[in-house]
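One structure below.
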Amino acid sequence: FLVSLDAATGKERWRVDTIDRKPPYTITGAPRIINGLVIIGNGGAEYGVRGYVSAYDAASGALRWRFYTVPGNPADGFENDAMKMAAETWTGEWWKYGGGGTVWDSMAYDPDLDLLYIGTGNGSPWNHKIRSPEGGDNLFLSSIVALRPDTGEYVWHYQGTPGDTWDFTAAQHIILADMEIDGAMRKVLLQAPKNGFFYVIDRSNGELISAEAYVQVNWATGVDEATGRPIETPNARYTDGPFMIMPSPFGGHNWHPMAYNANTGLVYLPSQDIPFVHGDMEDFEFLEAQWNTGTDFELAAAPEDPAALAQVMSMIRGQLVAWDPVEQREVWRYQHAGPWNGGVLTTDGGLVFQGSLIGEFAAYDASNGERLWSFPAQTGIAAAPVTYAADGQQHVAVAAGWGTIFALAGGPAVEALGIENKSRILAFRIGGDASLPIPEPKVRPVLAEPPPGDASEEQLALGRSTYFDRCWHCHGDGAISGGLVPDLRYTSAERHAIWDQIVLEGTLRPLGMPGFKGILSREESDALQAWVLDRARNLYAAQNPGTE
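Numbering (the numbering used here), first residue to last: 1 to 548.
Here is the structure:
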């Protein structure tokens, strides 16, 4: 819902339902207010939805316009010429899968040009070969689209990842700036989307000015400045078998905001390097209200061999980077302990503030990256800080808390960190003398010896593939929890006794665990349990050397 509250009293003024309740849409981005309109997008592309952005009257909540980001069924006609144009870039029966293209985060507005810029998301399903089997760019997926904010009229677009098949959304934050390029002042739009390229675009007409890789990129060798299209590498679309890609679906940069400082001319960017393996899912079947990616996540599982796992872990990095958008180069970096660090704030006083995955909140010199100050937050920080004045003093505040998809799905990459969630808002000022409560010592759980197993190799293989198809993105890679939800390897004998009631019937739905009846068969549920018990036995053996 989009809800209007009286700012002085908190009383509800109006409430509107902005989404179709049958497909499982979500709303993850903040609304924007432009010329008396409240503009909001939505999320949920993986679940099979059609993306759009809507504008509502700020006074009454009445719907003023809606712009769809991907075309619907041609038999139903098209809402406007933009959708008719977009449909020419799709093939097959994409509308049965929703199409995707959700506007789940980024928007920006230029009052002088009177243009609203929206960033659009990935396709539904991810796999291009399924949703558009004869190819095509699939407008307006993974694009920046310029609209007239009063009417929703299409003006121009730039698509960074044509025919996206890697979950390379372009919903990351958009910065508008005026800067001198090649001796002329240009009105530019800056974005560092998931695909790993930093884009400088003329925001008046959508013309690409430049694009360069800001992290490790192997799916393309660069961007052709004449056409604006990426120069793809062989097998990047995993047509000849699985392909290990950089960046991953976690993105070279995700939703964590970057920041621009006009004094230094630099963009401060939370970037990361995470590998991932894409490959086709055999016998794909679209399921309503479920994740539908069309890629085989089992291929991307962390290796169980210690040497191979160590090699993969060495490839996972996260850093705060100062990026020169004119020269398209890195100026300095602070190398973090890992990826998925917080959003960025930069100030007129020459500082850059950022929280980290391991719970440090720090200030850096905006000119050279020197770390000037840090504070132990006792929990991970993903959010961006804000600054404000109160009683004549400047404050910096940040929402702290361990969570999000990386903490859920990271498995071995987050297990060793041992981060716990402590949801707080932390505020700082010069001379502040408050302190956090001393945390209680963390008690390591004790794993009881699991019962011996008699599952066949075929059953364990089915359990493993079922897990990576339906469970890993909440319970973690390899059934290794990041601490937000139960670690399945520690499942008690009492819970194992009612496994099917939990997994199929949804007994624990009030605690957030849905039932998979009608999605998983009894055979798959049994195989899943056998594989989880096998993982528990492996862990018990590692914790208790000499046991069998």
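Backbone N, C-alpha and C fix where the C-beta goes; we use that ideal spot for every residue, glycine too.
{"query": "Measure the CB-CB distance between residue 47 and residue 289 and report whether it falls below 8 angstroms.", "result": "yes"}
{"query": "Go to residue 498, then tell me how far its alpha helix (DSSP H) extends in each direction, as first and last residue.", "result": "Neither: residue 498 is in no alpha helix (DSSP H) and is coded neither H nor E."}
{"query": "Unbroken beta strand (DSSP E) runs of length 3 or more, entirely within the region 318 to 397: which are they?", "result": "329 to 335, 344 to 346, 351 to 355, 360 to 365, 371 to 376 and 386 to 390"}
{"query": "Tell me which residues share the same chain as residue 62 and place their Cβ nearer than 7 angstroms to its Cβ, disregarding the 5 neighbours each side in the sequence.", "result": "56"}
{"query": "Does the distance from the CB of residue 89 to the CB of residue 43 come in under 8 angstroms?", "result": "no"}
{"query": "With H, G and I counted as helix, E and B as strand and the rest as coil, what does DSSP make of residue 455?", "result": "coil"}
{"query": "Pull up the distance between the alpha-carbon of residue 174 and that of residue 153, whole angstroms please.", "result": "20 angstroms"}
{"query": "Please name the residue or residues paired with residue 422 in a DSSP beta bridge.", "result": "Its beta-bridge partners do not exist; DSSP assigns none."}
{"query": "State buried or exposed for residue 186, treating a residue as buried only when at least 16 other CB atoms are found within 10 Å of its CB.", "result": "buried"}
{"query": "Bridge partners for residue 189 per DSSP, in chain order?", "result": "176 and 201"}
{"query": "Consult DSSP for residue 535 and reduce its assignment to one of helix, strand or coil.", "result": "helix"}
{"query": "Only counting the same chain, and skipping five residues up and downstream in sequence, which positions put a Cβ closer than 7 angstroms to that of residue 439?", "result": "378"}
{"query": "Can you pull the DSSP bridge partners for residue 143?", "result": "159"}
{"query": "If we ignore side chains and look at the alpha-carbon of each, how far apart do residue 375 and residue 430 end up?", "result": "13 angstroms"}
{"query": "Along the chain, where does the alpha helix (DSSP H) containing residue 65 start, and where does it finish?", "result": "Segment 63 to 68 is the beta strand (DSSP E) holding residue 65; no alpha helix (DSSP H) there."}
{"query": "Leaving out five residues before and five after residue 155 in sequence, what residues of the same chain have Cβ atoms less than 7 angstroms from its Cβ?", "result": "115, 146, 147 and 148"}
{"query": "What residue range does the alpha helix (DSSP H) around residue 311 cover?", "result": "306 to 315"}
{"query": "Rank 236, 256, 124 and 257 by C-alpha distance to the C-alpha of residue 247 and give the top, closest one.", "result": "236"}
{"query": "What is the rounded straight-line gap between the Cα of residue 9 and the Cα of residue 38?", "result": "20 angstroms"}
{"query": "Report the rounded CA-to-CA distance for residue 453 versus residue 446, giving the unit in angstroms.", "result": "20 angstroms"}
{"query": "Taking the Cβ atom as the reference point for each residue, do residue 385 and residue 406 lie within a distance shorter than 8 angstroms?", "result": "no"}
{"query": "Decide if residue 489 is buried, meaning its Cβ has at least 16 other Cβ atoms within 10 Å, or exposed.", "result": "buried"}
{"query": "What span of residues does the alpha helix (DSSP H) with residue 131 cover, start to end?", "result": "128 to 131"}
{"query": "Which residue or residues does DSSP assign as beta-bridge partners of residue 278?", "result": "243"}
{"query": "Take the Cβ of residue 194 as the centre, count every other Cβ of all protein chains shown within 10 Å, and call the residue buried at 16 or more, exposed below.", "result": "buried"}
{"query": "DSSP beta-bridge partners for residue 272?", "result": "318"}
{"query": "Less than 8 angstroms between the beta carbons of residue 228 and residue 213, yes or no?", "result": "no"}
{"query": "Exposed or buried, which one is residue 98 when buried takes at least 16 other CB atoms within 10 Å?", "result": "buried"}
{"query": "Going by other Cβ atoms of all chains shown within 10 Å of its Cβ, with 16 needed for buried, is residue 552 buried or exposed?", "result": "This structure does not reach residue 552, given that the chain is present from 1 up to 548, and the question cannot be answered."}
{"query": "Once the 5 residues before and after residue 415 are set aside, which same chain residues still bring their CB inside 6 angstroms of it?", "result": "480"}
{"query": "Measure from the alpha carbon of residue 206 to the alpha carbon of each residue in 182, 408, 176 and 217, then state which is nearest.", "result": "176"}
{"query": "Could you give the first and the last residue of the continuous alpha helix (DSSP H) run that contains residue 412?", "result": "412 to 415"}
{"query": "When we look at the beta-carbon of residue 1 and count the other beta-carbons within 10 Å, is it buried (16 or more) or exposed?", "result": "exposed"}
{"query": "Are the beta-carbon atoms of residue 476 and residue 408 separated by less than 8 angstroms?", "result": "yes"}
{"query": "Could you check what DSSP says for residue 466 in three-state terms: helix, strand or coil?", "result": "helix"}
{"query": "According to DSSP, residue 118 sits in a beta bridge with which residue or residues?", "result": "107 and 145"}
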